[in-house]
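K.L.:
Protein chains in written order, with our numbering: chain A, 1 to 344; chain B, 1001 to 1344.
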DNA sequence: ATTGTAAACCAAAACGTTTTGGATGTCAAC
DNA sequence: GTTGACATCCAAAACGTTTTGGTTTACAAT
């Protein structure tokens, strides 16, 4: 049986109230009593029962995160780094992190509702927003504290952190155009994801800006996996008039694209340019190193946690809508001539 | 204010007890009353307060997981898949998952103690066991329910799931020897990790079995990252008498090794053989596809969850010590001649 | 009429805290 | 010796459930 505050009280010969107030450093307890209580509590190995505290305080000191998993082999280096950012920050603030993994859909919404209605969490982090996002709609409607990684279409009167995918993509396309590319293909992330819209808008705007033709056959949709980048690239390269550069909506697909190109004997960075988005650690160590757009994902995780906790505590929250400017990282995969540049 | 059981009781004109027992389907409540209570509860949007339930039931219906993160850019495709397995299984059983991220060390142990002593979780999953593992020691000493992914040195009277790394490594080395390799290098994971021992033992045993020399200069230690696989391989290839085959302790390092080899103009799978361990999704899509040893990581996550929950519920737990036999996946990175075999 | 049985219900206690709203004692000031 | 101020303490209520240990009612059997 774990030792409770009652046991400590009996031992020191004081009331439960006094012990509680001593441990919580109230100033209507003498310093002698405080010292005594603390010593005895430590000796007896007392640790407060968090559940009882929560019930009484009517808050959980816990934040929730529902990871959208796609398929059983959900393997995304992006999320582990993001999770580390969130986890370390919440721990630093003394909060716990409750994680669920659900594929987008009804079960996912159910997971949100359970966490909210069961008073299991004080706030939620919504990740990878969709164009129309039922999670955001729900949380906004009931006025539950949350922050989102990503924006949604329409009104944006909720707290979020996002990366300016449009600008990132513009930089990328501009860079490729400067290398002399005119037929640039784009493997877009699933179009229901909000960031897919941004990046697509950036891609199209930059193509127009550079005076390049928007060939619909050079825009295909992938699923953010290595495999789909590979498959879509095979298709692109089999076209009668194939692209000389391929931009992928994330690094994983870009790595898949590289493989497809190399498999048919193309030298990436020489015969064809390939670029990604995210700057996962592996991008730097790909062969050749991958040109990409850096998203500081660990930092974003920390920011989201910190912002959410401030909202929960009703503290001053500075900027509620943060749009980070990503930075282009030029490496060898994007040159038309073999280069020795190395970024990031 | 959320609606409580008291509100429902008032509305249906019954006692709190009856409402509670109706909702929990006790048979001392008439079916008419049950139906009424349920209808009204649903109408009013009643959801039980999980915290109050937990306090009363003296269990949390929550399991804990402390992810060991190495460095801020903790990016391991292995863990996201593992997490999905654990998360989906715990959700299926109606349990919650409390996740922390901490670097190995004192703070990590503190995280374990807080979860245990604050009665925050009913059980814990220990992942990536160390040779001497203070987490396992602690949980075993206090008799707290846990399962481990991996074994430890010494007595093994605790529940775990592990992959037989020794056998896996034997198969790998045997395969390479069959391809005619005699100078085989090994990039071992950090030696304090328990699976590093297994795999090392398998490597050495297989080398001896195949009548090959164990050259100490061909055994180096990496940190499981792409980067360190890259760096250690550069070193190996700079030796006066470099290896013709390199085995890495995980796929991430193997991919780094491939890059280092390719960078100096070697054709992987022809001029040099490279193999990994894990079979992450990307292994199949590397260029060339990576020979590796498959660990069913998603399934392992599910097994661990299921096993832990049975232990918590004091149900029959079948095998408490599960040692899975991994399977060799031969792909193109390991041939001395260009092959077209494709596995997994 | 009494007893026994079964069905349906419920008041109160309990889980382990924190908070509320005092109570008590001491000492100085008048 | 009364008053006020202050320091120190504490009983009881509260948080929202489930569980304990009943009670009440109806009806059949004696």
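All C-beta atoms in this analysis are idealised placements derived from N, C-alpha and C, irrespective of residue type, glycine included. In this text the structure is predicted, and so the values were computed from the model without any measurement.
Taking the Cβ atom as the reference point for each residue, do residue 1199 of chain B and residue 1277 of chain B lie within a distance shorter than 8 Å?
P.N.:
A contact, by the Cβ cut-off of 8 Å.
K.L.:
Just to confirm, does residue 1266 of chain B get its C-beta within under 7 Å of one of the non-hydrogen atoms of the ligand NAP?
P.N.:
With respect to the ligand NAP, the structure offers nothing, as it holds no ligand at all.
K.L.:
Using the C-alpha atoms, what's the distance from residue 248 of chain A back to residue 1333 of chain B?
P.N.:
Approximately 25 Å, taken between the alpha carbons.
K.L.:
Measure how close the beta-carbons of residue 69 of chain A and residue 102 of chain A come, nearest whole angstrom, since I'm counting them as under 8 Å.
P.N.:
With 8 Å as the limit, residue 69 of chain A and residue 102 of chain A qualify as a contact, their Cβ atoms being about 7 Å apart.
K.L.:
Counting Cβ pairs, one atom from each stretch, are 3 or more of them under 8 Å apart for the stretch 1265-1280 of chain B and the stretch 1114-1133 of chain B?
P.N.:
With the cut-off at 8 Å, the stretch 1265-1280 of chain B and the stretch 1114-1133 of chain B do not touch.
K.L.:
Can you give me the start and stop residues for the beta strand (DSSP E) that residue 121 of chain A sits inside?
P.N.:
Counting along the chain, residue 121 of chain A falls outside any beta strand (DSSP E), and DSSP gives it neither H nor E.
K.L.:
Which residue comes first and which comes last in the beta strand (DSSP E) that contains residue 1247 of chain B?
P.N.:
Where residue 1247 of chain B is concerned, the enclosing beta strand (DSSP E) stretches over 1245-1248.
K.L.:
Of all the residues that make up the stretch 79-97 of chain A, which are near chain B by a beta-carbon distance shorter than 9 Å?
P.N.:
Residues 79, 80, 81, 83, 84, 85, 86, 87, 88, 90, 91, 96, 97.
K.L.:
Taking 8 Å as the CB-CB cut-off, is residue 1305 of chain B touching chain A?
P.N.:
Chain A, which has no Cβ nearer than 8 Å to the Cβ of residue 1305 of chain B, makes this no.
K.L.:
I'd like to know if residue 1256 of chain B contacts chain A, where contact means its C-beta is closer than 8 Å to some C-beta of that chain.
P.N.:
Yes, contact with chain A.
K.L.:
Could you give the distance in angstroms between the alpha-carbon of residue 1162 of chain B and the alpha-carbon of residue 1324 of chain B?
P.N.:
The alpha-carbon atoms of residue 1162 of chain B and residue 1324 of chain B are separated by roughly 6 Å.
K.L.:
Could you give the distance in angstroms between the alpha-carbon of residue 38 of chain A and the alpha-carbon of residue 25 of chain A?
P.N.:
One C-alpha to the other measures close to 10 Å.
K.L.:
Count the other CB atoms, across all protein chains shown, that sit within 10 Å of the CB of residue 239 of chain A; report buried if there are 16 or more and exposed otherwise.
P.N.:
It is exposed - the Cβ of residue 239 of chain A has fewer than 16 other Cβ atoms within 10 Å.
K.L.:
Could you tell me whether the Cβ atoms of residue 1301 of chain B and residue 1084 of chain B are closer together than 8 Å?
P.N.:
Yes; because the gap between Cβ atoms is below 8 Å, this pair is in contact.
K.L.:
Give, in chain order, every residue of the stretch 262-281 of chain A whose Cβ lies closer than 9 Å to some Cβ of chain B.
P.N.:
Going along the stretch 262-281 of chain A in chain order, one finds 262, 263, 280, 281 with a Cβ nearer than 9 Å to chain B.
K.L.:
Keeping to the same chain, check which residues put their C-beta closer than 7 Å to that of residue 1243 of chain B; ignore five residues upstream and five downstream.
P.N.:
1183, 1184, 1185, 1218, 1236, listed in sequence order.
K.L.:
Ordered along the chain, which non-local residues of its own chain (more than five positions away) have a Cβ less than 7 Å from that of residue 1150 of chain B?
P.N.:
Same-chain partners within the cutoff: 1128, 1129, 1160, 1162, 1194, 1195.
K.L.:
Is the Cβ of residue 353 of chain A closer than 8 Å to any Cβ of chain B?
P.N.:
Look at the range of chain A in this structure, 1 to 344, and you will see that residue 353 of chain A is not part of it.
K.L.:
With residue 68 of chain A as the anchor, note down where its beta strand (DSSP E) starts and where it stops.
P.N.:
Taken as a continuous stretch (DSSP letters only), the beta strand (DSSP E) holding residue 68 of chain A covers 62-68.
K.L.:
Less than 8 Å between CB atoms is the rule here; does residue 1298 of chain B satisfy it with respect to chain A?
P.N.:
So yes, residue 1298 of chain B belongs to the interface.
K.L.:
State the beta-bridge partners of residue 1187 of chain B as determined by DSSP.
P.N.:
B:1220, B:1248.
K.L.:
Note down, in chain order, every chain A residue with its Cβ under 8 Å from the Cβ of residue 1060 of chain B.
P.N.:
Chain A residues near residue 1060 of chain B: 51.
K.L.:
Please state if the CB of residue 1202 of chain B and the CB of residue 1166 of chain B are separated by a distance shorter than 8 Å.
P.N.:
Yes, Cβ-Cβ distance for residue 1166 of chain B and residue 1202 of chain B is below 8 Å.
K.L.:
Using DSSP bridges, identify the partner residues of residue 102 of chain A.
P.N.:
DSSP lists A:68 as partners of residue 102 of chain A.
K.L.:
Check whether the Cβ atoms of residue 1096 of chain B and residue 255 of chain A lie closer than 8 Å to each other.
P.N.:
Cβ atoms of residue 1096 of chain B and residue 255 of chain A: not closer than 8 Å.
K.L.:
Which residues mark the beginning and the end of the alpha helix (DSSP H) in which residue 1274 of chain B is found?
P.N.:
From DSSP, residue 1274 of chain B is part of no alpha helix (DSSP H) but of the beta strand (DSSP E) over 1273-1275.
K.L.:
Within its chain, find whatever has a CB closer than 7 Å to the CB of residue 1009 of chain B; leave out the 5 residues flanking it on each side and keep chain order.
P.N.:
Excluding residues within five positions, the ones whose Cβ falls inside 7 Å are 1015, 1016, 1019.
K.L.:
Against chain A, with Cβ distances strictly below 8 Å, would residue 1230 of chain B count as a contact?
P.N.:
Judged by the 8 Å Cβ criterion, residue 1230 of chain B is in contact with chain A.
K.L.:
With respect to the beta strand (DSSP E) encompassing residue 1324 of chain B, which residues constitute its N-terminal and C-terminal limits?
P.N.:
Counting along the chain, the beta strand (DSSP E) containing residue 1324 of chain B begins and ends at 1321-1324.
K.L.:
With distance defined between alpha-carbon atoms, name the residue in B:1122, B:1285, B:1023, B:1215 nearest to residue 1057 of chain B.
P.N.:
Considering only alpha carbons, the answer is B:1122.
K.L.:
Going by other Cβ atoms of all chains shown within 10 Å of its Cβ, with 16 needed for buried, is residue 1075 of chain B buried or exposed?
P.N.:
Looking at its Cβ environment, which holds 16 or more other Cβ atoms inside 10 Å, residue 1075 of chain B is buried.
K.L.:
Does any residue of chain A bring its CB to less than 8 Å from the CB of residue 1222 of chain B?
P.N.:
It does not; no Cβ of chain A falls within 8 Å.
K.L.:
Can you tell me where the beta strand (DSSP E) with residue 1195 of chain B in it begins and where it stops?
P.N.:
Here residue 1195 of chain B belongs to no beta strand (DSSP E); instead the alpha helix (DSSP H) covers 1194-1209.
K.L.:
Can you pull the DSSP bridge partners for residue 345 of chain A?
P.N.:
The first residue shown for chain A is 1 and the last is 344, placing residue 345 of chain A beyond what the model contains.
K.L.:
Identify, in the order they occur along the chain, each residue of the same chain with its Cβ nearer than 6 Å to the Cβ of residue 1154 of chain B, setting aside the five sequence neighbours on each side.
P.N.:
Within the same chain, residue 1154 of chain B has no close Cβ partners at all.
K.L.:
Could you tell me the alpha carbon to alpha carbon distance between residue 1221 of chain B and residue 214 of chain A, rounded to whole angstroms?
P.N.:
Residue 1221 of chain B and residue 214 of chain A: Cα-Cα distance of roughly 50 Å.
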